[in-house]
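Participant: Residue numbers (the UniProt record's numbering), protein chains in the order written: chain B, 1 to 83; chain A, 1 to 632.
Beta carbons: idealized from backbone N, C-alpha and C, even for Gly.
(1) Tell me residue 613/A's beta-bridge partners as DSSP assigns them.
(2) Output the residue ranges of the beta strand (DSSP E) runs that lie fully inside the region 452-528 of chain A and measure 3 residues or longer, sorted by chain position.
(3) Going along chain B in order, which residues have a C-beta closer than 8 Å to the C-beta of residue 45/A?
(4) Quick one: using the 10 Å Cβ neighbour count with 16 as the cut-off for buried, is residue 52/A buried or exposed?
(5) Could you tell me the distance, in whole angstroms, from the CA atom of residue 631/A to the CA atom of residue 469/A?
(6) Are at least three pairs of beta-carbons, each pair with one atom in the region 15-24 of chain A and one in the region 63-75 of chain B, less than 8 Å apart?
(7) Between residue 326/A and residue 406/A, how many whole angstroms is the CB-CB distance? I'm expecting something under 8 Å.
(8) Can you name, in chain order, every residue of its own chain whose Cβ lies under 6 Å from the Cβ of residue 47/A, other than the five neighbours on each side?
(9) Strictly under 9 Å for the Cβ-Cβ distance: is residue 53/B near chain A by that measure?
(10) Would you mind working out which of 211/A, 176/A, 134/A sits nearest residue 183/A, comparing C-alpha positions?
(11) Can you find a CB in chain A that lies within less than 9 Å of the CB of residue 30/B?
(12) Which residue comes first and which comes last in the alpha helix (DSSP H) that contains residue 206/A?
(13) If you measure beta-carbon to beta-carbon, which residues of the region 241-261 of chain A are closer than 8 Å to chain B?
(14) Looking at chain B, which residues of the region 533-562 of chain A have a Cβ within less than 9 Å of any of its Cβ atoms?
(15) For the beta strand (DSSP E) that residue 241/A lies in, which residues bound it at each end?
(16) Buried or exposed, going by whether 16 or more other CB atoms sit within 10 Å of the CB of residue 11/A?
(17) Using 10 angstroms around the beta-carbon of residue 618/A, count the other beta-carbons present and answer buried if the total reaches 16, otherwise exposed.
(18) Counting along the chain, where does the alpha helix (DSSP H) carrying residue 30/B start and finish?
(19) DSSP on residue 543/A, reduced to helix/strand/coil?
(20) Between residue 463/A and the rest of its own chain, which residues show a CB-CB distance below 7 Å, the 5 nearest in sequence each way excluded?
(21) Does the structure place the region 282-292 of chain A close enough to the region 162-173 of chain A that three or more beta carbon pairs sit under 8 Å?
(22) Would a C-beta distance cut-off of 9 Å place residue 137/A and residue 104/A closer than the cut-off?
(23) Is it buried or exposed for residue 190/A, if we count other Cβ within 10 angstroms and need 16 for buried?
(24) Among the candidates 601/A, 303/A, 558/A, 584/A, whose CA atom is the shortest distance from the CA of residue 489/A?
(25) Which residues does DSSP list as the beta-bridge partners of residue 330/A?
(26) Which residue or residues does DSSP assign as beta-bridge partners of residue 563/A?
(27) Out of 574/A, 550/A, 479/A, 555/A, point me to the one whose CA is closest to residue 529/A's CA.
(28) I need the DSSP call for residue 162/A, collapsed to helix, strand or coil.
(29) I want to verify the contact list: residues of chain B whose CB lies under 9 Å from the CB of residue 570/A, in sequence order.
(30) By the three-class DSSP mapping on this structure, what secondary structure does residue 37/B have?
(31) Put residue 174/A into one of helix, strand or coil per three-state DSSP.
(32) Let me know if residue 34/A comes out buried or exposed under the rule of 16 or more other beta-carbons within 10 Å of its beta-carbon.
(33) Report yes if the CB atom of residue 328/A is closer than 9 Å to the CB atom of residue 378/A, and no otherwise.
(34) How would you call residue 296/A, buried or exposed, if buried means at least 16 neighbouring beta carbons within 10 angstroms?
(35) Which chain A residues are close to residue 76/B, counting only those with a beta carbon under 8 Å from its beta carbon?
(36) What three-state label does DSSP hand residue 73/A in the structure shown?
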């Protein structure tokens with residue numbers, strides 16, 4: 001799964017969860033850049049991502065996520081394992 | 001792990017468009033439009049967005065007081081992620097819920113401190129949600145000689161103390177969440193042989209909780225049953241427990257919210273009351289008009305036939321526990337009736353059906369007719385039809401009628417209806433069980449009315465006796481239930497709970513009366529409630545409500561005679577009547593005018609929204625020739 005497959009659905013999820021319909025994602029974007037992106041919103045994002053891409057991200061990997069780029073990388077690796 | 005579906009609701013074609021419409025409509029969307037949007041199978045994100053839109057809108061939406069409710073959540077771990085689901089679950093029942101969340105694990109302090117934010121919030125209902133980790137820790141299973149049963153009894157005794165504290169301090173009804181069975185087995189299949197097993201303790205706790213909660217009048221949110229049905233891992237994600245102390249997973253939050261919503265609805269008396277059934281391909285297979293009596297698929301001989309019969313049995317059992325059954329079918333009446341009279345495999349028979357409408361009119365008109373015939377609101381109806389066209393037509397024409405998605409396989413229909421929770425009830429009273437018979441008796445009465453040439457002689461022939469008495473413990477549950485579910489013949493639509501009913505019993509300056517109507521066809525059960533409070537030398541009628549089943553029989557006049565007698569006995573010299581208009585009680589707008597009361601100004605009274613009436617006791621002139629009053 002390429003970044004081009006991941007960004008559009010991930011953007012939809014993050015816009016919905018963070019309730020910002022004009023949010024644009026970039027690999028460097030992180031919680032400190034977006035108002036309201038707290039640890040609870042992060043869980044919502046993860047749960048939605050897991051359902052959307054049919055993957056399960058282990059706790060160890062979640063603990064290391066710093067920004068959108070990290071998340072996209074995890075999705076692309078896990079989706080590869082799953083497919 | 002995936003979304004725990006609300007699969008009785010349609011999946012939204014485009015949930016973003018749904019929200020855009022709510023925000024951008026020509027007229028700003030109100031409670032009903034949001035309720036309609038909520039009646040979709042929304043996942044937690046869609047639920048969150050709808051909730052967010054409603055929170056922005058609700059202050060301006062002008063929701064009437066009888067449809068608002070304040071809920072306090074007392075929990076031992078994170079529950080904030082469940083709020084949106086609860087609010088949307090309530091919205092589905094046209095209730096606007098405001099939530100106060102106690103600090104996790106701090107609710108005891110807040111209960112004990114009268115100056116706390118919890119007390120300032122003044123909740124209408126309290127939800128106690130204790131996570132399994134908290135319960136297992138308080139069970140102290142590692143103690144020498146502990147057994148799961150004894151530990152469960154001890155933890156429940158502590159919990160009962162909490163319930164009493166809530167009753168004492170908040171005076172609210174209590175919802176108690178059952179334990180989610182999250183702990184893994186240590187022994188295996190014979191886990192119950194290990195005294196210190198957390199898994200077995202949670203099972204024992206949930207078992208013992210049922211009896212104690214019923215004894216104490218506490219209502220359960222039975223998440224354990226649903227988690228088992230859907231699979232525990234769909235309800236509980238251990239990773240999210242460790243990350244954020246969320247015991248119920250986000251994917252189950254909309255379903256959990258609906259469970260709480262339906263209980264709040266039951267407390268407010270807005271649960272559905274009538275199951276309306278289509279016939280062809282819903283209660284039997286095939287089309288009776290085409291296939292004939294012998295051609296329909298029903299009962300032994302095929303799997304589908306057995307499944308249709310099983311669905312009929314489920315409907316009948318709902319009927320026996322108090323749900324009213326009706327038929328709405330496009331058929332010739334005689335042809336449809338023939339199946340009920342003659343088909344040997346029919347489980348449902350004509351006497352089980354309180355309103356039988358089979359004709360070629362559109363179903364929306366026929367559902368209106370059924371509601372009128374049964375004297376219930378359209379929002380009391382649940383319409384089950386296999387045909388998506390008819391379902392969508394009714395949803396569009398009558399958005400207030402509940403129309404579940406029906407699985408193609410009849411074998412799955414009973415479970416679908418049970419999951420939907422439309423008929424959520426808190427108490428099984430004798431009156432509920434007897435209702436099926438009452439509606440049958442009503443049909444006989446109506447048949448007699450059709451024959452009688454004038455109303456007075458018809459009423460006289462009924463030999464009605466109105467039995468009244470002061471509130472007592474025996475009828476308490478029935479009384480509270482009637483007060484909270486009656487919308488149409490209800491002068492003030494003031495709701496009460498058990499505590500308030502008891503307070504009326506014990507207050508020398510108040511009296512509450514219950515009324516039963518018996519006639520030659522049977523006992524109509526508890527049909528009216530009146531609560532009066534002293535105001536100077538008069539008694540003010542704060543509640544007067546009556547079941548619509550007994551309309552048009554002169555019961556109001558006889559009721560007034562009893563109220564006047566009791567007010568005189570308590571030393572009063574006049575009655576004050578209140579009428580508080582609501583969306584549903586238009587039929588009693590002139591109730592007090594009809595009874596000879598005089599309208600008065602409400603100078604300085606605290607119930608300024610209500611229209612006030614007065615009537616001196618010596619001016620009470622009541623005429624109820626057809627009814628004999630009997631003090632019980």
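Facilitator: Taking the geometry as given:
(1) Working through the second chain from its first residue, we reach residue 613/A at position 613. Its beta-bridge partners are 577/A, 599/A.
(2) 464-470, 510-519
(3) Numbered from its first residue, the second chain carries residue 45/A at position 45. 13, 16, 17, 44, 48, listed in chain order.
(4) The sequence position of residue 52/A within the second chain is 52, counting from 1. Classification for residue 52/A: exposed.
(5) Counted from its first residue, the second chain places residue 631/A at position 631. Counted from its first residue, the second chain places residue 469/A at position 469. Approximately 6 Å between the Cα atoms of the pair.
(6) no
(7) For this step, residue 326/A is matched to residue 326 along the second chain. For this step, residue 406/A is matched to residue 406 along the second chain. Between residue 406/A and residue 326/A the Cβ distance is about 16 Å, and since that is not below 8 Å, they are no contact.
(8) In the second chain, the residue the question calls residue 47/A occupies position 47. The answer, listed in chain order, is 84, 85, 88, 254.
(9) For the purposes of this step, residue 53/B is taken as residue 53 along the first chain, with counting starting at 1. No, no contact with chain A.
(10) Residue 183/A sits at position 183 when you count from the first residue of the second chain. Out of 211/A, 176/A, 134/A, 134/A has the C-alpha closest to the C-alpha of residue 183/A.
(11) For the purposes of this step, residue 30/B is taken as residue 30 along the first chain, with counting starting at 1. Chain A, which has no Cβ nearer than 9 Å to the Cβ of residue 30/B, makes this no.
(12) Within the second chain, numbered from 1, the residue matching residue 206/A stands at position 206. Where residue 206/A is concerned, the enclosing alpha helix (DSSP H) stretches over 198-215.
(13) 242, 243, 244, 246, 249, 250, 251
(14) none
(15) Translated into positions along the second chain, residue 241/A becomes position 241. From DSSP, residue 241/A is part of no beta strand (DSSP E) but of the alpha helix (DSSP H) over 238-244.
(16) Against the second chain, residue 11/A aligns to sequence position 11. With fewer than 16 Cβ atoms within 10 Å of its Cβ, residue 11/A is classed as exposed.
(17) By one-based count along the second chain, residue 618/A stands at place 618. Exposed, because fewer than 16 other Cβ atoms sit within 10 Å of the Cβ of residue 618/A.
(18) One-based indexing of the first chain puts residue 30/B at position 30. Taken as a continuous stretch (DSSP letters only), residue 30/B belongs to no alpha helix (DSSP H), as it is neither H nor E.
(19) Mapped onto the second chain, residue 543/A falls at position 543. It is a strand residue.
(20) By 1-based counting over the second chain, the position of residue 463/A is 463. Counting only Cβ-Cβ distances below 7 Å, and skipping sequence neighbours, we find 519, 520.
(21) no
(22) Residue numbering aside, residue 137/A sits at position 137 when the second chain is read from its first letter. Residue numbering aside, residue 104/A sits at position 104 when the second chain is read from its first letter. Their beta carbons are not under 9 Å apart, which means residue 137/A does not touch residue 104/A by this criterion.
(23) The count along the second chain starts at 1 and reaches residue 190/A at position 190. It counts as exposed.
(24) In the second chain, the residue the question calls residue 489/A occupies position 489. Considering only alpha carbons, the answer is 584/A.
(25) Walking along the second chain from the start, residue 330/A turns up at place 330. 359/A, per the DSSP bridge assignment.
(26) Residue 563/A sits at position 563 when you count from the first residue of the second chain. None, per the DSSP bridge assignment.
(27) Along the second chain, read from residue 1 onward, the residue named residue 529/A stands at position 529. For the residues 574/A, 550/A, 479/A, 555/A, the minimum Cα distance to residue 529/A belongs to 479/A.
(28) Working through the second chain from its first residue, we reach residue 162/A at position 162. Helix, per DSSP.
(29) Numbered from 1 along the second chain, position 570 holds the residue referred to as residue 570/A. Those do not exist, as residue 570/A stays about 56 Å from chain B at its closest Cβ, beyond 9 Å.
(30) The residue given as residue 37/B occupies position 37 in the first chain. Reduced to three states, the DSSP call for residue 37/B is coil.
(31) Numbered from its first residue, the second chain carries residue 174/A at position 174. Correct three-state label for residue 174/A: strand.
(32) Within the second chain, the letter at position 34 stands for residue 34/A. By the neighbour-count rule (16 or more Cβ atoms within 10 Å), residue 34/A is buried.
(33) What you label residue 328/A is simply residue 328 of the second chain in a count that begins at 1. What you label residue 378/A is simply residue 378 of the second chain in a count that begins at 1. No, they are not a contact pair.
(34) Numbered from 1 along the second chain, position 296 holds the residue referred to as residue 296/A. Buried is the call here.
(35) The residue you call residue 76/B lines up with position 76 of the first chain. Under the 8 Å cutoff, chain A gives no residues; its nearest Cβ is about 20 Å from residue 76/B.
(36) Residue numbering aside, residue 73/A sits at position 73 when the second chain is read from its first letter. DSSP places residue 73/A in strand when its eight states are reduced to three.
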